[in-house]
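All remarks here apply to the structure that follows.
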Amino acid sequence: MIPLLILGLLIQNPGAHGYELLSLMEKRHYKYIVNFTKGSFYYNLQQLKDKGLIEETQQIRPNNNREIHPFKITSLGLEEFDQLMSKYGTKSEYVNLSFYGALLFADVFDKNKLAELIQSQMDQTEARIALLDEYLANAKELPGKMDYFRRMNENSRSHHLVNLKWFEELKADIEEANV
1 MIPLLILGLL IQNPGAHGYE LLSLMEKRHY KYIVNFTKGS FYYNLQQLKD
51 KGLIEETQQI RPNNNREIHP FKITSLGLEE FDQLMSKYGT KSEYVNLSFY
101 GALLFADVFD KNKLAELIQS QMDQTEARIA LLDEYLANAK ELPGKMDYFR
151 RMNENSRSHH LVNLKWFEEL KADIEEANV
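If you read the sequence shown in full-length UniProt numbering, its first letter stands for residue 1, the second for the next number, and so on.
Listed below in structure tokens is the structure:
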């Protein structure tokens with residue numbers, strides 16, 4: 001998935017260098033789409049370059065004479081982008097949260113500790129909603145080509161709100177059972 005994100009960003013931002021691409025992924029909260037680190041990002045960037053899917057050029061910044069290395073997508077890269085869009089655009093997977101695995105054994109776990117785990121899930125979900133709210137407040141200023149990403153984030157926010165309600169009900173049930 002990381003190659004798709006890099007190639008897509010280069011189509012949207014021709015001539016961007018690695019740091020700019022990584023910053024865009026972080027700013028746009030792509031971590032909710034795919035798990036990536038700085039290391040995995042640069043590894044994939046290098047792999048795309050090695051495969052001839054992107055090309056690196058050299059430029060000197062006029063203001064400080066520092067060398068930068070912008071990238072551009074090649075014709076092979078455009079073909080790969082089309083293939084990756086088809087590959088990921090047709091996938092549909094189940095939501096798999098680690099919490100669900102832990103919840104399988106809730107009936108044999110300390111109820112107070114379980115309530116703490118659920119509160120942790122609630123806190124994390126509220127933080128995600130806050131990040132999405134921040135993004136969506138700023139997304140109105142983005143060009144129309146980002147409309148799909150904005151809509152995807154609105155959908156993600158809706159899912160998080162449903163999860164938060166479920167966590168709250170689950171916690172209330174546990175607390176009621178402990179009375």
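Here a beta-carbon is modelled for each residue, glycine too, at the ideal position from N, C-alpha and C. It should be emphasised that the depicted structure is a prediction, and the values quoted were computed from it without experimental measurement.
Around the CB of L104, fewer than 16 other CB atoms lie within 10 Å, so the residue is classed as exposed. Assigned with DSSP and collapsed to three states, I33 falls in coil, not helix or strand. Contact fails between the region 36-49 and the region 109-121, because fewer than three Cβ pairs, one in each stretch, are under 8 Å apart. Within the DSSP bridge table, the entry for H17 names P70 as partners.
A residue is called buried when at least 16 other Cβ atoms come within 10 angstroms of its Cβ; F167 meets this threshold and is buried.
In the three-state DSSP reduction, Q58 falls in the coil class, being neither helix nor strand.
By the criterion of a C-beta distance shorter than 8 Å, E126 is surrounded in its chain by L164, once the five residues flanking it on both sides are discounted. DSSP places D110 in the coil class of the three-state scheme, outside both helix and strand. For the 9 Å CB-CB criterion, L78 and I11 form a contact. With respect to the 9 Å criterion, F81 and L21 are not classified as neighbours on the basis of their beta carbons.
Rounded to the nearest whole angstrom, the CA to CA distance from N65 to E55 is 22 Å. In the structure shown, the three-state DSSP call for T125 is helix. For K31, the CB contacts under 8 Å within the same chain, skipping 5 residues up- and downstream, are M25 in chain order. Annotation for I2: V34, F36, S40, F41 and N44 place their beta carbon closer than 8 Å to its own, counting only its chain and skipping 5 residues before and after. DSSP places G52 in the coil class of the three-state scheme, outside both helix and strand.
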